[in-house]
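*Asks:*
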Amino acid sequence: MSFPWAEEYKPKSGFTQWIDERLPLPRLVYGAIGAGYPVPRNLNYFWNFGVLAGVALTIQIVTGIVLAMHYAANAGIAFDSVEHIMRDVNSGWMLRYMHMNGASFFFIVVYIHMFRGLYYGSYKAPREMVWLLGVVIFLLMMATAFMGYVLPWGQMSFWGAQVITGFFSAIPIVGEPIRQLLLGGFAPDNAALNRFFSLHYLLPFVIAGVIILHIWALHIPGSNNPTGVEVKSESDTVPFHPYYTAKDGFGLGVFLIAFVIMAFFLPNFMGHPDNYIPANPLSTPAHIVPEWYFLPFYAILKAFTGNFLWIDAKLWGVIAMFGSILILFFLPWLDNSPVRSAKYRPTYRMFFWVLIVDVLILGWLGQAHPSNWTILASQICTAYYFAHFLIIVPILSRIETTLPMPNSITEAVLSGEADEAHPVGVSATNPAHPEPAKA
Amino acid sequence: MTAPAPNAGIESPHDDGVTEDGVRRRDFLNIAAVSFAGVGAVAVVFPLVNQMNPSADVLAEASIDVDISAIERGQSIKTSWRKQPIFIRNLTDKEMAEANAVPLSELRDPQTLAERTKPGKENWLITLGVCTHLGCIPLGAAEGEDKGAYGGYFCPCHGSAYDTAARIRKGPAPTNLVVPEYRFDTDTKITIG
Amino acid sequence: MVRFFGIIVGLGFVSALIFSIIGSLPFEAAEHSAVEEFHQEPRSLALASDGAFGKFDRQQLQRGLQVYSEVCSACHSLRLVSFRDIAALGYNEGQVKAFAAAQEVPSIDPDTGEPATRPGLPKDYFPSPYPNDVAARAANNNALPPDLSLITKAREGGAPYIYSLLTGYRKVPANLPEENRPGTGLHYNPYFANLNLAMAPPLTSEGQVTYGPGNPKPTVDQMAKDVSAFLVWTAEPKLENRLAVGWGALGFLLIFTVLTYLSYRQIWAGKKEH
């Protein structure tokens, strides 16, 4: 890490010294997550979610690998192989439910992690690369999750695959040939299932690689913090170990409690009953919905109902759906505000909360039975989503009046001003009276 | 860049500010937390490894019942148990006498016929149909197959010859055909495994 | 530059949406469909397996198995359940073997190779009443009786829905619109999504199944409850293990979280963070 006061790695035993001289892994770990990595001292709990995402990925990989020892990726027996896991494989039911709910938890954690980035301006210079790599990770996660959901070969698996691969046929001329190339056929069938299994096994390791780049890119400038003011001196930071290893340990405990409650007591809450029906290409479910983490994008897809400017409604929907994620790549350049953290950007903060509500409503609309009102609401919410990133934020970053910022993290912490860095506005520990500045 | 204010209000990152007692207290807590995590990690590893043990459907095929009422003296059948061939032979008196006449010193893997069968049912020879050399299935259990020089089983792969008690007599196999765990439920029904 | 193009693209999307809104503006009056008016939500059903402390009532599961075997198995398969699994209902090895042997499972005639049947073994699975889906439809007016192994997880409403459906057959209401009346081969049941279902009422009279001594009377309601409880088990035989391990893990994690919290506070003691 590039802070000059970072602790130098000193091997504590002959053994670690021997290793370090030949493969500098101990000093790499020390400098990345050990006592040799200075981190702003004022990080709040929203900074726990990066490590929790890494834990979620690890849970998925470990449970996934053992599940793959029993799963059969053939359309004739895939569904039965999953039931074999649930009924006959030792602890199979537990591994399956953990993998299924682990995917949901991975997305919950990553969404919070992303919204933290949006609120505190973590995507701004010099951390643009961290943000870009993060969006790449998000896209890979979506691909992995989509393919994973197809594997049990239930009704939703099949029809979800049918709908999503159908997007490609919206592309003029080359769309249908591309769709058949991806599927290896005319509809999701054995060919598609086998390749989805292969890629589903592969992509998490690609994600792991991009995560390493993501952390590496972060460690060049170091972590952002709730004030958005860069680290200026040693008193602004604490070493990652033991301060944030301890805090992350506590965060892990809370995360695991939530995870265990879902996986063991409400394992099918976030799923859909139709996926316990074996896939039937001749029978469409009454209500095709993707998994909850795709719902806002599904609502955006369905919002476009009119052919406009030589592009038909279906293609608009597909473009908008992919576009809604692709615009995230441009965020560091769309938002030009010199102030990083929403704590000091009251107008931006207001629009941020509108965006949160907008995305939640889009999520609800994604699974709602279509009616005139839901279509209208989807259209308004989708319009706001694009307007937020493409019109509002760019204009706001030019004209907004921001609040005065503290000169340093240390100043913010000691004068108690950092109480308000908590996005909800009032600190739970100190509701009314900020700490007086120490003499 | 503002210089840090030079006074006692700012703690240095290295100032623990805890007493001797506090240091011990903190170490205990940390050790307790980390050990608890360790216990948890072991508890997690157990199902991850145990899932590789045979699943319930495989264990269900671990034992089979065979009806032997149709096997006449001198006849034998082949069946399958745990995905391996089983030879069930009803020995004739002549075959039993031949087996009992062999001195143990002549055998590579010394066993009497009585040791390889159940008391009172020495005519029933139940063995795995897997040559103990490299795993081929010997001939001799089916009608018309070559029983080899010793009148029992003969393995065509490398020439191992087994006698009427399925003991190795000639050829590269090191041991007699394996007798699996089995029992007589009734005079006409056996359970293997 | 980026912002300039961003604004243009943003205006593009917003215009497309406004165009869509205008295009769909003449709202039709909200249809009040007859299905919505007559459809009923499932009645509540309290089972021993419900909730975070659920346990199977094995006596009830055995009765449910009896109802399945004597009534439902005529048309519905249970192909994910093996005879050996019913040991979990409290039967011993001999009873499992006897139950299996009383069923005929598909096999091959050893002499001719023709399809035949043989008595079941514990390792066999519950046999399907029909050789394939085509035969199943042919015998049921083109309706396919679904496999019941996972039915309580495969239907919105779960076991209460199954119970309500089985006991929910009613006389067709006088005010039901013509197009919603059951056609030939269909039966009116307000708990079913589109009100008319191809399955004839399977439980019609008390005593259809004879329960042994020490059991409640086999009323239609009781039989429906028992088979619903049984189908919860077939869908989730590991339910009790799941809850037990869940409580164990939760207990462990609560202690772990307290320890890590205290450790975190200790390490940060005196260090102002906010």
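Heads up: the sequence lines are chains A, B and C, in that order. Residue numbers for the first sequence follow the numbering used here, beginning at 68 and rising by one. Residue numbers for the second sequence follow the numbering used here, beginning at 38 and rising by one. Residue numbers for the third sequence follow the numbering used here, beginning at 1220 and rising by one. Glycine residues also receive a C-beta, built at the ideal position from the N, C-alpha and C atoms.
Just to confirm the assignment, what range does the alpha helix (DSSP H) spanning I367(A) have?
*Replies:* Element bounds for I367(A): 362–370.
*Asks:* If I measure Cβ to Cβ from H144(B) and keep anything under 7 Å in the same chain, skipping five residues before and after, which residues do I get?
*Replies:* It should be noted that the sequence gives Leu, not His, for residue 144(B). Only R204 meet the Cβ criterion.
*Asks:* Tell me which residues share the same chain as A210(B) and place their Cβ nearer than 6 Å to its Cβ, disregarding the 5 neighbours each side in the sequence.
*Replies:* Excluding sequence neighbours, A210(B) sits near C168, T169, H170, S197.
*Asks:* Would you mind sorting Q1279(C) into buried or exposed? The rule is 16 or more other CB atoms within 10 Å of its CB.
*Replies:* Buried, because 16 or more other Cβ atoms sit within 10 Å of the Cβ of Q1279(C).
*Asks:* Looking only at its chain, what residues have a beta carbon closer than 7 Å to the beta carbon of R412(A), apart from the 5 residues adjacent to it on each side?
*Replies:* Closer than 7 Å at Cβ, skipping near neighbours: S404, V406, E467, T469.
*Asks:* Could you list which residues in chain A have their beta carbon closer than 8 Å to that of Q88(B), in chain order?
*Replies:* Within 8 Å Cβ-Cβ: V133, M136, H137, V156, N157, S158, G159, L162.
*Asks:* So, with DSSP's three-state summary, where would you put V118(A)?
*Replies:* Looking at V118(A) - three-state DSSP - the assignment turns out to be helix.
*Asks:* If the cut is a Cβ gap below 8 Å, which residues of chain A does A1271(C) touch?
*Replies:* The answer, in chain order, is F332.
*Asks:* Going along chain C in order, which residues have a C-beta closer than 9 Å to the C-beta of V296(A)?
*Replies:* Within chain C, no residue comes near V296(A); the closest Cβ sits about 14 Å away, beyond 9 Å.
*Asks:* Report all residues from its chain with a CB closer than 7 Å to the CB of R206(B); omit the five preceding and five following residues, and keep chain order.
*Replies:* So the list reads Y187, A198, Y199, D200, once near-sequence residues are dropped.
*Asks:* For T212(B), name the three-state secondary structure that DSSP assigns.
*Replies:* Three-state DSSP puts T212(B) in coil, outside helix and strand.
*Asks:* Taking the straight line between their C-alpha atoms, what separation do you get for Q1441(C) and L214(B)?
*Replies:* Q1441(C) and L214(B): Cα-Cα distance of roughly 57 Å.
*Asks:* Mind checking which residues open and close the beta strand (DSSP E) that includes I278(A)?
*Replies:* That residue, I278(A), is in no beta strand (DSSP E); its alpha helix (DSSP H) goes 257–286.
*Asks:* So, are the CB atoms of H166(A) and G131(A) less than 9 Å apart?
*Replies:* Going by C-beta atoms, H166(A) is nearer than 9 Å to G131(A).
*Asks:* Between the Cα of P399(A) and those of P105(A), E243(A), G201(A), L443(A), spot the shortest distance and give me the residue it belongs to.
*Replies:* Ranking the options by Cα distance to P399(A), first place goes to G201(A).
*Asks:* DSSP three-state call for N87(B): helix, strand or coil?
*Replies:* Correct three-state label for N87(B): helix.
*Asks:* Exposed or buried, which one is I1227(C) when buried takes at least 16 other CB atoms within 10 Å?
*Replies:* With fewer than 16 other Cβ atoms within 10 Å, it is exposed.
*Asks:* Taking the straight line between their C-alpha atoms, what separation do you get for L368(A) and F173(A)?
*Replies:* Approximately 23 Å, taken between the alpha carbons.
*Asks:* Just mark N44(B) as buried or exposed, buried being the case when its beta carbon has 16 or more other beta carbons within 10 Å.
*Replies:* Any reading at N44(B) must be qualified, since the residue scores a pLDDT of 44, below 50, and its modelled position is unreliable; no value is offered.
*Asks:* May I ask whether a heavy atom of the ligand ZN can be found less than 8 Å away from the beta carbon of D1269(C)?
*Replies:* In terms of ligand content, the structure shown is empty, and the ligand ZN therefore cannot be addressed.
*Asks:* Would the beta-carbon of V1341(C) fall within 9 Å of that of S1301(C)?
*Replies:* Before going on, a small fix: residue 1341(C) reads as Pro here, not Val. Closer than 9 Å, so yes.
*Asks:* Counting only beta-carbon separations shorter than 9 Å, does P348(A) have a partner in chain B?
*Replies:* Judged by the 9 Å Cβ criterion, P348(A) is not in contact with chain B.
*Asks:* Just the C-alpha distance for R194(A) and V298(A), rounded to the nearest angstrom, thanks.
*Replies:* Each residue's Cα considered, the two are about 14 Å apart.
*Asks:* Identify the residues that DSSP records as bridge partners of I227(B): which are they?
*Replies:* In DSSP, I227(B) forms a bridge with V103(B), F221(B).
*Asks:* Can you tell me which of the three DSSP states Y187(B) falls into?
*Replies:* Three-state DSSP puts Y187(B) in coil, outside helix and strand.
*Asks:* DSSP three-state call for N127(B): helix, strand or coil?
*Replies:* Three-state DSSP puts N127(B) in a strand.
*Asks:* In chain C, which residues lie less than 8 Å from L66(B) when you measure between Cβ atoms?
*Replies:* Chain C residues near L66(B): L1478, L1481, S1482, Q1485.
*Asks:* Would you mind reading off the limits of the alpha helix (DSSP H) that contains P461(A)?
*Replies:* P461(A) -> alpha helix (DSSP H) spans 460–466.
*Asks:* Going by CA-CA distance only, name the one from M472(A), D341(A), A479(A) that's closest to R1374(C).
*Replies:* Nearest C-alpha to R1374(C): D341(A).
*Asks:* For chain A, find out if any of its Cβ atoms is closer than 9 Å to the Cβ of A74(B); answer yes or no.
*Replies:* For A74(B), the answer is yes, since a Cβ of chain A falls inside 9 Å of its Cβ.
*Asks:* Does the separation of the CB atoms of R126(B) and I108(B) fall below 9 Å?
*Replies:* Yes, these two residues count as a Cβ contact at 9 Å.
*Asks:* 9 Å is my cut-off, CB to CB: does V79(B) come that close to chain A?
*Replies:* No, its Cβ sits nowhere closer than 9 Å to a Cβ of chain A.
*Asks:* For chain B, check one thing: does any of its Cβ atoms lie closer than 9 Å to the Cβ of I1305(C)?
*Replies:* Output row for I1305(C): interface = no.
*Asks:* What are the residues in the region 313–328 of chain A lying within 8 Å of chain C by C-beta distance?
*Replies:* So the list reads A313, K314, G316, F317, L319, G320, V321, L323, I324, V327, I328, given in the order they occur along the chain.
*Asks:* With DSSP as the reference, label H455(A) as helix, strand or coil.
*Replies:* Helix, per DSSP.
*Asks:* Enumerated in chain order, which unbroken segments of the alpha helix (DSSP H) with a length of 4 residues or greater are wholly contained in the region 287–374 of chain A?
*Replies:* Segments of the alpha helix (DSSP H) lying fully in the region 287–374 of chain A: 312–327, 362–370.
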